[in-house]
Every structure is written in structure tokens, then in C-alpha cells.
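Visitor:
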Amino acid sequence: MDASKAPHVDRRQFQWYNVAVILYMGIGSLAMGYSASIIGTTLAQTSFLLKFQLTTRSDATTLISLMNSLFQAGAFFGSILINVIGDHYGRKWTIAVANVLLVLSGALMAGSVNIAMFLIFRFVAGMGSWMLLGGIPLWMTEVAPPKNRGALVNIHGACLLLGYTWASWMGVAFYGLQTSGRHEEARKTLAKLHHPDEAEVEFSQIETQLSVDKQLPSSWGSLMTKRSYRKRALFSIGLAIGIQMTGVLVFNNYGSIIYEGLGIKGLNILLYQAGFNTLAFGCGIIGIFLIDLLPRNKLVALGTFLVTSCLVVEAALVHNFPVGPGQNDTALRAAVAMMFCYMAFSQLCLDEVQWVYYPEMFPNHLRGKGVCLGLATIALVNIMWLQVAPLAFKTIGWKFYLCFIIPAYLFAIIAFFFFPNTRGKPLEEIAAMFGDETEVYNGPLQIAERPDHHDPATGKDVEVSHEKIEHAG
Numbered sequence: 044m045d046a047s048k049a050p051h052v053d054r055r056q057f058q059w060y061n062v063a064v065i066l067y068m069g070i071g072s073l074a075m076g077y078s079a080s081i082i083g084t085t086l087a088q089t090s091f092l093l094k095f096q097l098t099t100r101s102d103a104t105t106l107i108s109l110m111n112s113l114f115q116a117g118a119f120f121g122s123i124l125i126n127v128i129g130d131h132y133g134r135k136w137t138i139a140v141a142n143v144l145l146v147l148s149g150a151l152m153a154g155s156v157n158i159a160m161f162l163i164f165r166f167v168a169g170m171g172s173w174m175l176l177g178g179i180p181l182w183m184t185e186v187a188p189p190k191n192r193g194a195l196v197n198i199h200g201a202c203l204l205l206g207y208t209w210a211s212w213m214g215v216a217f218y219g220l221q222t223s224g225r226h227e228e229a230r231k232t233l234a235k236l237h238h239p240d241e242a243e244v245e246f247s248q249i250e251t252q253l254s255v256d257k258q259l260p261s262s263w264g265s266l267m268t269k270r271s272y273r274k275r276a277l278f279s280i281g282l283a284i285g286i287q288m289t290g291v292l293v294f295n296n297y298g299s300i301i302y303e304g305l306g307i308k309g310l311n312i313l314l315y316q317a318g319f320n321t322l323a324f325g326c327g328i329i330g331i332f333l334i335d336l337l338p339r340n341k342l343v344a345l346g347t348f349l350v351t352s353c354l355v356v357e358a359a360l361v362h363n364f365p366v367g368p369g370q371n372d373t374a375l376r377a378a379v380a381m382m383f384c385y386m387a388f389s390q391l392c393l394d395e396v397q398w399v400y401y402p403e404m405f406p407n408h409l410r411g412k413g414v415c416l417g418l419a420t421i422a423l424v425n426i427m428w429l430q431v432a433p434l435a436f437k438t439i440g441w442k443f444y445l446c447f448i449i450p451a452y453l454f455a456i457i458a459f460f461f462f463p464n465t466r467g468k469p470l471e472e473i474a475a476m477f478g479d480e481t482e483v484y485n486g487p488l489q490i491a492e493r494p495d496h497h498d499p500a501t502g503k504d505v506e507v508s509h510e511k512i513e514h515a516g
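Read the sequence shown against my numbering and you will find it ends at 516, with the numbers running on by one and no gaps.
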């Protein structure tokens, strides 16, 4: 029997080696979390503020905003590099280059002699961090077996949160091998990841799939010109915008400003920030076991609804019980509690699922570009929020929460009714949900059932026959 037509067997797909290599790759996720989060406690350090005169300079608010917006600008370019490096040299090289950038930028920020030098390497740190943020779950998604993919890829999210927590307390793929022609190396890698019989089935099916992929449009332009690709791209962009509209990065990076606005001072700001991220890590661990219990779109909708409801209560408390003479300490403590509830719901339902969702939505030959598109969107949205947040908290106060509340509730409704559920489905089968049966090899009867191959020369969809695909292989 042709191995490429043999069925998969779930128990043969799982090996403890899968878990071991994914856990090891989680070290990179931890590094990303630390790099992204450390600015939150750095801005609460008196020594840092004094070194760069951020307590006396007239442009201090602008400089603090730039520390975060430049990080996100670097993140945008880092997102592009995920695809450029990953599709040409392999997923592992994306992760390796990112770690080098993080080491260099971290060392040079620590040794910065002036604020300009610090800002430059915040940009570089953003590049490296976002390459890890997208490159690692992309690699994990292609290594993890479908049945366990949600939980295993969620290790990325848990390690991110461990990095966030670490930063707070300090304040106080084989697919790439085959596309590059390294077939024997790919076969050996699969043999480590699966039972030998399952590895042979997987290898044969991947090779057949690649023969199909070579005929398909894979340019950036095809993401917009082909109907099914455009649908994926819009879902990816929508997911990125929707989750960032809950303001999660604003509340983490500017926690010190928020807590100070609630009447908390000195060391207590650092302790609350550390507790905030420690809670996030704990909820992220719990999230590993919850992610596959609900459909992906329903989990995103539920999480968005819960965190936004926390913001509604937060805004009401901040508006009605201001800090000052005769302040209501009980109400202010409740406002702090709402921030912690916000983070708990965010990690249980939102932050973890997105790192599985982005790569699941795209076919093999566009997966790198798809993840890149989602992350670039996150970076662009956060440039806006992180640049305006300090000034907004200072000038309009509680009304700034409305900028998150209204669009987030709208996104929850859209996600619930219109987003696809990719939970537990093999990556190749998900293509059928977007109308791409012709582009997925899943046995001899499931190729070329629909005229969905896009001819860039004519701009039309044309039929791909069995004979054409078999000849290409």
C-alpha cells in the first residue's frame, strides 16, 4: 500500500520526544516574555528614571511612550523576517537569529550610556522578540500531533508568561527541511517525533502535499487576490486587532502608571506588578488544559466578553471613586482586583489560544506568511495604543477604557458567530473549511474536487486534475 494513502493513527503520532523538544523550545518563549515585559517594572525603578532624567525632563512622557512604540515598530519588522528567514532557511534559523538579536539588544540596553542608545536597542529587542513570538508557535504547530496540538502549542503561551513573571520579580520544523530539499534530514526528524510506521505515512503525505504546494500561488499578493486566502488573511488580521483591542499590552506595560493612579506608591507598585504577572503565569498553566475544551472561536468570544466586562467595572470604579482626600479605599482595592480578574480571564481564554489559532488557519505553503501577517497587525495596533496610553491616562483618565470596551464587545460577537473553529483538526484538513480541497492531499479521492486553483495570469480559479498533481509528484 502506498504510504501516502495510509491512514494516520493517533497513538502512533504521539512520542515523548515531541513533548521534550517543545518544552526545550519554550526557553525561547520565556526569553520573549522577559524581553517584552521587563519594561513594565523598569519604568517603576527610581534608578532608571533618574539615570535618564525621566522625572525632570519636559519630554519624559514622550520618551516613555517611545520605549514601547519603538519596541512594537521593531516587532513589525521582526514579523516580516519570520517569513523571510523561515521559508528560505527553515523555522529553526528564525528562532536562532531572534535569540542572537535578543542577547545583543539586552546587553546593549543594559549598558546604554544615553536615552538614544536605549531607544535604538529597544527597537532591536522588538525585532528579536516578535520573531520568537511567531516563529516558535509556528514551529511547534508543525511538530505537534493534531490531537494534542492545542495543549502542546500552549506551552509557548505558558513559557511567555513565565518570562513575564520572571521579569516582574527581577524588578523586585521538518516542513522547512523538506521545502529546502533536505529529505533525509526531514525523514530522520519525523522518525523521532512519531512511531516509525506513522513517520513513514507522514513523510509520504508531506512529500505529496509539497508537490501540490509547488503549483499554488504563494506570494503576498495571493493573500488578497485568491478568495479563500483572502478569507484567511482577514480572519488573521481580525483576530489580531480584536484581541489587542482588549488592551492587554497596555495594562501590562503601563501597570506602574495604572497602579499609581489608584493610589499605590513605591515598592507596592512593583509588588502588584509582580503579582499581576505571577497570576498570569498560573492561569496560563491552567489554560493548557482548557484550550481544547471549547471551539476556538467560542473560547475567543468568551474571553473577550469576560475581560471587557472587567474593564467596564474598572472604568466605573475609577470614575466614581477618584484618588484624593476622603477617597474610598475599598473601591480602589476593588479596582485593583478587577485588574487581576482581567488578567486571569485574558490568560485562561485569550492569550493562549491565539498562538495556536494563527498557524492553524493557513495552508502549508502560506503558514509563515499567515503568522507573519497576524503578528505584524498586533505590532501595528500596539504602536498606536502604547504611544498614546501615557498621555491618555494623564488627560482623559477613565474615559480611555471606553476605547477598549466598545470595539472589544463588538469583536466578541463577530468571533462567536463568524470565526472558524479549527480545534483538533489536522492542518491539511482545515483547508476544506476555506474551500481549498484541491490544495490538500488527503487520499486519492480528495484532490481536485473543486475548481479552486488560482491562475495569477488570468485572475480566475481553474481546475487542477488528478493527473496534473500526480505528474507533478
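All residues carry an ideal CB built from backbone N, CA and C; glycine is no exception. Since the structure is predicted, the reported quantities are computational estimates derived from the model, not experimental observations.
Which term fits G154, buried or exposed, when burial requires 16 or more other beta carbons within 10 angstroms of its beta carbon?
Guide: By one-based count along the sequence shown, residue 154 stands at place 111. By the neighbour-count criterion, in which a residue is buried when 16 or more other Cβ atoms sit within 10 angstroms of its Cβ, G154 is exposed.
Visitor: Am I right that T420 and A283 are in contact with their C-beta atoms under 8 Å? What's the rounded C-beta distance?
Guide: Counting from 1 along the sequence shown, the entry for residue 420 is found at position 377. Counting from 1 along the sequence shown, the entry for residue 283 is found at position 240. About 4 Å separates the two Cβ atoms, so the contact holds.
Visitor: Just checking, does the segment 395–405 make contact with the segment 114–133 on the three C-beta pairs under 8 Å criterion?
Guide: No, the segment 395–405 is not in contact with the segment 114–133.
Visitor: Would DSSP call D102 helix, strand or coil?
Guide: Here residue 102 refers to the residue found at position 59 when the sequence shown is read from its first residue. Correct three-state label for D102: coil.
Visitor: Residues in its own chain within less than 6 Å of T85 by CB, not counting five upstream and five downstream?
Guide: Counting from 1 along the sequence shown, the entry for residue 85 is found at position 42. Cβ neighbours of T85 beyond the five flanking positions: F91.
Visitor: Counting Cβ pairs closer than 8 Å, one from the segment 159–169 and one from the segment 424–443, do we hit at least three?
Guide: no
Visitor: Nearest-angstrom Cα distance between V196 and G149?
Guide: In the sequence shown, the residue the question calls residue 196 occupies position 153. In the sequence shown, the residue the question calls residue 149 occupies position 106. Each residue's Cα considered, the two are about 26 Å apart.
Visitor: Is DSSP giving Q287 helix, strand or coil here?
Guide: Here residue 287 refers to the residue found at position 244 when the sequence shown is read from its first residue. DSSP places Q287 in the helix class (H, G or I) of the three-state scheme.
Visitor: Tell me, please, whether the segment 315–329 touches the segment 198–210 by the rule of three or more beta-carbon pairs shorter than 8 Å.
Guide: Because the criterion of three Cβ pairs below 8 Å is met, the segment 315–329 and the segment 198–210 touch.
Visitor: By Cβ distance below 7 Å, which residues in the same chain neighbour K274 in space, the five residues on each side in sequence not counted?
Guide: As a first step, residue 274 is located in the sequence shown; it is residue number 231 there, counting from the start. Around K274: F477.
Visitor: Quick one: give me the first and last residue of the alpha helix (DSSP H) that N363 is part of.
Guide: Walking along the sequence shown from the start, residue 363 turns up at place 320. Segment R339 to N363, the alpha helix (DSSP H) holding N363.
Visitor: Taking just the CA atoms, how far does L93 sit from L336?
Guide: Here the question's residue 336 lines up with position 293 in the sequence shown. Here the question's residue 93 lines up with position 50 in the sequence shown. The alpha-carbon of L336 is positioned some 49 Å away from that of L93.
Visitor: How is the alpha helix (DSSP H) around N142 delimited, first residue to last?
Guide: Position 99 of the sequence shown, counting from 1, holds the residue named residue 142. Residues R134 to A153.
Visitor: Which runs of the alpha helix (DSSP H) spanning at least 4 residues fall entirely within the segment 296–320, listed in chain order?
Guide: Taking 4 residues as the shortest admissible run, the segment 296–320 contains the following complete alpha helix (DSSP H) segments, listed from N- to C-terminal end: 298–304.
Visitor: Compare the Cα-Cα distances from V293 to each of V146, N61 and F436 and report the closest residue.
Guide: Your numbering for residue 293 matches position 250 in the sequence shown. If we check each option's Cα against that of V293, F436 comes out closest.
Visitor: CB-CB under 6 Å to G290, same chain, minus the five flanking residues each way: which ones, in chain order?
Guide: As a position in the sequence shown, residue 290 is number 247, starting the count at 1. The residues are F447.
Visitor: Give me the Cβ distance between G129 and G411, rounded to the nearest whole Å; I'm assuming they're in contact under 8 Å.
Guide: Position 86 of the sequence shown, counted from the first residue, corresponds to residue 129. Position 368 of the sequence shown, counted from the first residue, corresponds to residue 411. About 5 Å; that satisfies the 8 Å criterion.
Visitor: Using the Cβ count rule (16 or more neighbours within 10 Å means buried), how would you classify A159?
Guide: The residue you call residue 159 lines up with position 116 of the sequence shown. So A159 ends up on the exposed side.
Visitor: Measure from the alpha carbon of L313 to the alpha carbon of each residue in G69, S80, Y67 and I65, then state which is nearest.
Guide: As a first step, residue 313 is located in the sequence shown; it is residue number 270 there, counting from the start. Closest option to L313, judged by alpha-carbon separation, among G69, S80, Y67 and I65: S80.
Visitor: If you run the structure through DSSP and keep just helix, strand and coil, what is F518?
Guide: Since the first residue of the chain shown is 44 and the last is 516, residue 518 is not available in this structure.
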